[in-house]
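For the sequence shown, the working numbering assigns the number 447 to the last residue and increments by one with no breaks.
Glycine residues also receive a C-beta, built at the ideal position from the N, C-alpha and C atoms.
This structure is a prediction, so every number in the text was calculated from the model and none was measured.
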Amino acid sequence: MLLMANNKEQEQEQACVYFLPVYAPGHLISMLEVAKGLLQCNSTSSNSLSIHILLAQPDNPDKSSLISSHLQALQAQNLPIHLHPLPFVEPPRQFDSIEDFVTSHIRLYLPHIKAALSASPSPVSGLVVDMFASDVISVANELNIPFYIYFSSTATFLSLILHLSSPQGKRDPIDFSEVEEEICIPGLTPIPSKSMPAPLLDMKSGSYKCFMYHARRYIEAKGIVVNSNIHIETNAVEALAQGVTDQLAPGTKFPDTYPVGPVISFGKSNMQGHECLQWLDTQPAKSVLFLCFGSLGAFDMSQVRQIAIGLEQSGHRFLWVLRMPTTEFLRGPVDASLEFLPEGFIERTKERGFVWPSWAPQIDILSHQAIGGFVTHCGWNSILESLPSNRRIRDALRLELDP
45 MLLMANNKEQ EQEQACVYFL PVYAPGHLIS MLEVAKGLLQ CNSTSSNSLS
95 IHILLAQPDN PDKSSLISSH LQALQAQNLP IHLHPLPFVE PPRQFDSIED
145 FVTSHIRLYL PHIKAALSAS PSPVSGLVVD MFASDVISVA NELNIPFYIY
195 FSSTATFLSL ILHLSSPQGK RDPIDFSEVE EEICIPGLTP IPSKSMPAPL
245 LDMKSGSYKC FMYHARRYIE AKGIVVNSNI HIETNAVEAL AQGVTDQLAP
295 GTKFPDTYPV GPVISFGKSN MQGHECLQWL DTQPAKSVLF LCFGSLGAFD
345 MSQVRQIAIG LEQSGHRFLW VLRMPTTEFL RGPVDASLEF LPEGFIERTK
395 ERGFVWPSWA PQIDILSHQA IGGFVTHCGW NSILESLPSN RRIRDALRLE
445 LDP
């Protein structure tokens, strides 16, 4: 595989590949699956391979409890994957957006990352970092370690930000909020400007600036591993393979891209006894509408009530994973209180509905024979997880998380 190309001089040694995820469920869990996939690809090789995961510390306890269960399950598989918790670093106090917070937090870890890589028991064959950890390339260059980005989002979004961040984009920036005509960018089907991703609509926002910063640094990487494939995003993957811009500085090579998706856990689950799955076992095949809005998705009380009214009036069976927002900017959704539902809702729908007020094993639920439809925030992980089970995503019922 791509990271093994640098091992010719180490044929008799164990190759070490390091991964650096950010401490967010959708990013970290996906990267763990990439690491496991790399091990599987190497299983027929005569060279042994060990995986090392550098773990930054969580910035809040909610993330810690959710991710800890996945890390424990990983360790129980007895794979040659070694976890290396990094020392705690106080999170940044000033930031312009959640993307800027994550970027700044990883930047504070650079000395610890360098120390961990320098202490590796064997030469490091490659370093794969999260899409928001591009600053680590300075450490990789200093230690002469091949550096790769793992882009857990879509190939289309990657193509978009690489194009916008090119020198051409910097000379003639696009303010999508002021453009009326359709936007034409390599890898994208022409779309209305106002349908562009929210972080890119405001050029002055912290989110926009952060994505542009990282995209410019991606060009310095040896390669970009993206969670997609040619069959899912044909135009975008082809655009990336060709190089989405010809405006690179002289002598600069566009990094190789490796579409390895969909990155999904297909292994045996340890969630078979989960209450949601037990309830689904009692339901007819393809009869249940599943509502889930990602690990960070939550609605305010008025929106929750409207969803509840719609579910009750529909008459359909449903499984609803309900999370509630908090007033803390950096804290994700918390377990919901069912008291916020319309009075009597649970009792009136108990024969055909189940509301689960906490995190739920989405992959296991989507693969259950009782599921007939999926209402989602259309996050990339959720879309990919719905593909193997051939669950229809109800586009007509797609709900926005912003009020």
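Item                                                                                                                    : Value
Helix, strand or coil at Glu55 according to DSSP, with G and I counted as helix                                         : Residue confidence is low: Glu55 scores 43 on pLDDT, short of 50, so the model does not pin down where it sits. Its coordinate-derived value is still stated next. Of the three classes helix, strand and coil, the one that applies to Glu55 here is coil, per DSSP.
Val78 versus Ser209 - alpha carbon distance                                                                             : 27 Å
Cβ-Cβ separation, Ser166 to Gln58 (assumed contact under 8 Å), whole Å                                                  : 5 Å
Simplified DSSP assignment, three categories, for Arg137                                                                : coil
Supposed close pair Ile181, Phe191 - CB separation, criterion 8 Å                                                       : 5 Å
Reduced DSSP category for Leu232 - H, G, I as helix; E, B as strand; rest coil                                          : coil
C-alpha distance - Met175 paired with Ala265, whole-angstrom precision                                                  : 11 Å
Beta-ladder partner(s) of Thr198, from DSSP                                                                             : BP columns for Thr198 are empty, so no partner.
Ordered list of alpha helix (DSSP H) runs contained in the region 143-181, each at least 4 residues                     : 154-162
Local Cβ density within 10 Å of Gly476, reported as buried at 16 or more and exposed below that                         : There is simply no residue 476 to check, as the chain begins at 45 and stops at 447 in what is shown.
Run of the beta strand (DSSP E) containing Pro303, from where it starts to where it stops                               : 300-303
Alpha carbon of Cys320 to alpha carbon of Phe398, nearest angstrom                                                      : 8 Å
Inter-residue Cα distance where the pair is Val304 and Ile351                                                           : 36 Å
Residues of its chain near Glu395, where Cβ-Cβ distance is below 8 Å and the 5 sequence neighbours each way are ignored : none
Same chain only: Cβ atoms within 7 Å of Cys228, ignoring 5 sequence neighbours per side                                 : Pro234
Residue range of the unbroken alpha helix (DSSP H) whose run includes Trp323                                            : 319-324
6 Å CB neighbourhood of Trp364 in its chain, flanking five on each side removed                                         : Leu335, Val399
Best match in Leu110, Lys80, Leu83, Ser272 for proximity to Ala68 [C-alpha to C-alpha]                                  : Leu110
Three-state class that DSSP yields for Tyr67 in the structure shown                                                     : coil
For Met247 and Lys253, the rounded distance between their alpha carbons                                                 : 7 Å
Contact set for Ile73: own chain, Cβ-Cβ below 7 Å, skip 5 residues either direction                                     : His114
For Pro129, the residue or residues it bridges with in DSSP                                                             : Leu99
Bounding residues of the alpha helix (DSSP H) (the contiguous stretch that carries Arg361)                              : Careful: Arg361 lies outside any alpha helix (DSSP H), inside the beta strand (DSSP E) at 361-365.
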